[in-house]
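Per the numbering used here: the sequence shown = residues 104 to 753. Don't be surprised by glycine CBs; every beta carbon is placed ideally from N, CA and C. Keep in mind it's a predicted model, so treat the numbers as computed, not measured. What follows is one structure encoded as structure tokens, with my remarks underneath.
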Amino acid sequence: MTEKPTFYITTPIYYPSDKLHIGHAYTTVAADAMARYKRQRGYDAYFLTGTDEHGLKIQQRAAEAGLKPLEFVDGIVKGIKQLWQLLDIEYSDFIRTTEPRHEQLVQKIFQKIYDQGDIYKSEYSGWYCTPCETFFTEHQLAEGHTCPDCGRPVQLAHEESYFFKMSKYADRWLKFIEENPDFIQPETRRNEMINFVKQGLEDLCVSRTTFDWGIKVPFDEKHVVYVWFDALVNYLSALGLGGADESKYQKYWPADVHLMAKDIIRFHSIVWPIILMAAGLPLPKKVVAHGWLLMQGGKMSKSKGNVVDPVVLVEKYGVDAIRFFLLREMAYGMDANYSEEALVNCINVDLANDYGNLLSRTTAMIEKFLGGEVAPGSDGTDFDAELLALAAETPANMAKYMDKVDIANAIAEIWKLVDKANKYIDYTAPWTLNKNGEVEKLKTVMYNLAEVIRQVTILISPVMPNVADRVWQQLGLDAAAAGQDWDALAWGGLPAATKIRRGDPLFPRIDWEKQLAEETEPAPVEPAEGVVAPAIEPIKPEISIEDFERLDLRVCKVVACEKVKKADKLLRLTVQLGPDEASQRTVVSGIAKYYQPEDLVGKQLVLVANLKPAKLRGIESRGMILAASFGDQLQVLQAPAEILPGGIVR
Ligand code: MSP
């Protein structure tokens with residue numbers, strides 16, 4: 104038996120500092136669709152994703168939550184894996200950078216590069232963006248000393264560091280890019296990267312000493328390896344390089360595609376290849392950058408508070424529709440605007456109208472005109488040849504784009520066939536053939552349509568992995584729909600005399616206006632019978648601005664909470680108003696009727712911080728938690744997660 108060709112594709116490994124949003128999901132869905140497509144084409148496809156768990160950002164987030172970094176990331180990683188399951192992501196492996204198989208390889212590569220003199224000790228003096236975990240020189244910064252990538256303030260860093268001699272490899276890198284013009288995709292990114300390197304490549308700071316959540320530099324334990332040097336190595340450590348069994352490395356490396364969004368192309372197309380050159384390892388074949396999913400003109404990101412939760416969307420619209428929308432909407436290398444209205448429009452037009460309706464019309468006509476049985480007739484129509492020619496050509500047209508990881512255009516090629524089939528119905532007018540008793544022609548038309556639907560379904564199933572089962576059911580096919588590969592595309596795969604089984608629409612139409620009205624109209628709050636709505640409390644007498652300014656309102660994080668014994672109204676909270684334990688204090692609050700202690704732990708609240716301490720049930724309470732209340736209802740006021748504890752509320 105000949106060995107299958109291999110295909111190794113990776114996504115970036117995600118920072119487990121927060122829940123992932125639909126923008127993150129785009130890359131993973133795209134890589135999953137690519138791997139499924141390659142498997143359909145007979146490849147042994149290996150698809151890697153994972154999490155990037157070290158670095159200052161994670162250390163800080165864990166401290167804010169009052170947890171050890173590993174405990175903190177464990178919870179988030181679990182959520183990320185659940186999200187991938189929900190989105191039908193079939194990864195081959197999930198690497199975590201805190202695993203020993205990864206840490207040992209990072210240390211080995213670091214040591215090797217150091218031993219050969221390409222890593223040296225010096226002093227770092229410059230700017231650091233913690234959310235991006237990226238160093239910048241003064242002239243790279245945006246206005247007001249902010250990060251040129253995310254716009255947030257950067258911090259000045261002065262510390263002893265190890266440096267990687269990237270500059271030494273600049274010419275070799277340029278030569279490599281010249282000899283491998285397809286290495287960086289799309290071409291616009293390639294040109295950007297070439298210009299960047301031509302302007303002069305600086306050595307990269309690859310260790311930190313001001314925090315310790317990272318992989319130790321093997322020969323100098325005071326230092327931890329810079330998180331990007333650490334993270335990039337995941338693509339190799341997941342394959343077992345440097346471990347007891349290197350068979351996966353032998354089989355799959357070099358990677359065929361590293362897929363990511365444009366913001367991290369520099370690390371993947373410049374830093375990573377140079378690390379590999381220095382380590383004497385083969386370079387990946389392609390680095391492909393897609394655009395960003397934007398919300399109202401800006402990049403979807405947690406810090407902007409404009410994120411869309413994929414879990415909510417999947418529950419509302421189904422996983423296939425979400426995957427299809429993401430992959431169809433993002434044109435190759437370009438940004439795409441996200442809006443729920445655009446999503447609904449895509450479901451209504453592409454899925455319900457074009458594809459779903461093609462199936463419903465076809466099965467309805469087979470039922471009505473042919474007693475539910477489909478088989479080619481002995482006569483055809485003038486329109487058959489064109490439909491069959493497009494059906495024969497579509498797989499190659501689609502493949503041309505898939506092989507460039509241009510999934511949006513690949514889908515567009517499939518949809519040309521869907522459109523053609525819909526027009527074929529209009530041109531051949533089966534209802535007229537039926538009326539005129541042209542049964543053989545009618546049979547051929549219906550068979551051609553059912554066969555095109557079968558083909559379209561095989562081609563689109565890497566994007567929508569669950570439709571094939573439903574379509575197979577309706578077409579009366581008993582063979583397993585899953586894993587249909589490209590051999591099954593041969594024309595005539597639909598057996599003669601198949602009994603179709605009509606079913607529900609594949610994608611029901613959504614009435615956007617109605618849905619919007621239902622969602623935006625606040626449900627009327629009517630007091631239950633016999634209950635009188637509470638009166639609005641009168642506004643208190645005026646105070647001066649000076650009076651108000653005497654109040655010190657602070658963001659505080661609840662690190663612990665428990666019920667106060669023998670006091671059913673009181674909770675005892677330990678809140679933190681700064682980066683460490685020294686800023687913790689106890690507050691007793693009369694909110695036990697509304698909250699269980701565990702509901703509050705981890706939340707950021709607002710505290711009146713300069714209220715004179717008072718003793719409640721023998722416990723000294725230092726401050727008061729703010730809450731909003733009306734009648735019987737009460738909810739604590741939550742401060743945004745992005746404002747660190749101790750932040751002022753004005
Ligand atoms: N941990 C690094 C990657 C290390 S890889 C060796 C990192 N992680 S991240 O969680 O911040 O984001 C990773 C990726 O998420 C981006 O490259 C991109 O693939 C995806 N996206 C994050 N936000 C996105 C959008 N708004 N739109 C599209 N993709 C987005 O960077």
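field: Contact set for V704: own chain, Cβ-Cβ below 6 Å, skip 5 residues either direction
entry: Its chain contains V661, C664 as the residues whose beta carbon lies nearer than 6 Å to that of V704, once the 5 sequence neighbours on both sides are disregarded; these appear in chain order.
task: Using a threshold of 7 Å, state whether the C-beta atoms of E263 and T313 are closer than that.
output: Not closer than 7 Å, so no.
message: Using the Cβ count rule (16 or more neighbours within 10 Å means buried), how would you classify N460?
response: With 16 or more other Cβ atoms within 10 Å, it is buried.
- prompt: Which value, in whole angstroms, describes the spacing of the CA atoms of L429 and Q258?
  reply: Each residue's Cα considered, the two are about 36 Å apart.
Collapsed DSSP secondary structure at P630 in the structure displayed: Here the model assigns P630 a pLDDT of 48, short of 50, so the residue's position is not dependable and the matter cannot be decided.
- prompt: Based on Cα-Cα distance, which residue from F322, I192, V667, F286 lies nearest to P700?
  reply: Minimum Cα-Cα distance from P700 among the listed residues F322, I192, V667, F286 corresponds to V667.
query: For ligand 1, is there a heavy atom less than 6 Å away from the beta-carbon of I116?
result: At least one heavy atom of ligand 1 lies less than 6 Å from the C-beta of I116.
Inter-residue spacing [alpha-carbon to alpha-carbon] between F610 and S463: Between F610 and S463, the C-alpha separation is close to 10 Å.
- prompt: Closest by CA to G345, which one among Q214, D522, M468?
  reply: Among Q214, D522, M468, the Cα nearest to that of G345 belongs to Q214.
query: Would you say the beta carbon of T237 comes nearer than 6 Å to a heavy atom of ligand 1?
result: No, the beta carbon of T237 sits no closer than 6 Å to any heavy atom of ligand 1.
- prompt: Relative to the alpha-carbon of D522, which residue among P498, D457, A511 has its alpha-carbon at the smallest distance?
  reply: Comparing Cα positions, the closest option is D457.
message: Going residue by residue through the region 168-244, where are the continuous beta strand (DSSP E) segments of at least 3 residues, counting only ones entirely within it?
response: List check, beta strand (DSSP E) in window: 196-199, 222-232, 237-239.
field: Span of the alpha helix (DSSP H), counted from its first residue to its last, around K669
entry: From DSSP, K669 is part of no alpha helix (DSSP H); its letter is neither H nor E.
Cβ shell of C250 (< 8 Å), same chain only, five flanking positions each side left out: C232, P234, C235, T237, F239, L244, P256, V257, listed in sequence order.
- request: Please confirm whether K538 and T484 have their CB atoms less than 7 Å apart.
  value: Not closer than 7 Å, so no.
- prompt: Closer than 6 Å: is that where the CB of I556 sits relative to any heavy atom of ligand 1?
  reply: No, Cβ of I556 sits at least 6 Å from all heavy atoms of ligand 1.
- prompt: Any chance the CB of A392 is under 6 Å from a heavy atom of ligand 1?
  reply: No, ligand 1 has no heavy atom inside 6 Å of this Cβ.
query: At a cut-off of 6 Å, is I212 close to ligand 1 when judged by its beta-carbon and the heavy atoms of the ligand?
result: Relative to ligand 1, even the nearest heavy atom lies 6 Å or more away from the CB of I212.
message: Given this structure, state the Cα-to-Cα distance separating R657 from L342, to the nearest angstrom.
response: It is roughly 48 Å from the alpha-carbon of R657 to the alpha-carbon of L342.
Separation of N500 from D482, as counted between CA atoms: Spanning the two alpha carbons is a distance of roughly 29 Å.
- prompt: Touch check for the region 442-450 and the region 370-377: three-plus C-beta pairs under 8 Å?
  reply: They do not touch, by the three-pair rule.
- prompt: Is it true that the CB of L307 sits closer than 7 Å to the CB of F267?
  reply: Cβ atoms of F267 and L307: closer than 7 Å.
query: Between T200 and R275, what straight-line distance do the alpha-carbon atoms span, to the nearest angstrom?
result: Each residue's alpha carbon lies about 29 Å from the other.
task: Rank G693, K715, R293 by C-alpha distance to the C-alpha of S732 and give the top, closest one.
output: When the alpha-carbon of S732 is set against those of G693, K715, R293, the nearest one is in G693.
- request: Within 10 angstroms of the Cβ of T623, are there 16 or more other Cβ atoms? Answer buried if so, exposed if not.
  value: Around the beta carbon of T623, a 10 Å sphere encloses fewer than 16 other beta carbons of the protein chains shown; the residue is thus reported as exposed.
message: Bridge partners for T484 per DSSP, in chain order?
response: In the DSSP output, where bridge partners are listed per residue, T484 has none listed.
query: So, using beta-carbon positions, are M269 and D423 closer together than 7 Å?
result: No, they are not a contact pair.
message: Looking at the strands, I want to know which residues DSSP matches up with I613.
response: Note: I613 is not bridge-paired with any residue in the DSSP secondary-structure output.
- prompt: Should W187 go down as buried or exposed, given a rule of 16 or more other Cβ atoms within 10 Å for buried?
  reply: With 16 or more other CB atoms across the displayed protein chains lying within 10 angstroms of its CB, W187 is buried.
task: Could you tell me which of T114, H124, P641 sits nearest to I179, measuring between CA atoms?
output: Among T114, H124, P641, the Cα nearest to that of I179 is on H124.
- request: Please state whether DSSP places Y265 in a helix, a strand or coil.
  value: Strand at Y265.
task: Sort E443, P533, I514 by Cα distance to V415 and report the nearest one.
output: Comparing Cα positions, the closest option is E443.
- request: Would you check if the distance between the CB atom of F332 and the CB atom of V309 is smaller than 7 Å?
  value: Taking 7 Å as the Cβ cut-off, F332 and V309 qualify as a contacting pair.
message: Determine whether the beta carbon atoms of K602 and G579 lie at a separation below 7 Å.
response: In this structure, G579 lies closer than 7 Å to K602 by Cβ.
- prompt: Cβ atoms of A717 and P413: under 7 Å apart, would you say?
  reply: No. Outside cutoff.
query: Do three or more CB pairs link the region 161-169 to the region 287-302 at distances below 8 Å?
result: With the cut-off at 8 Å, the region 161-169 and the region 287-302 do not touch.
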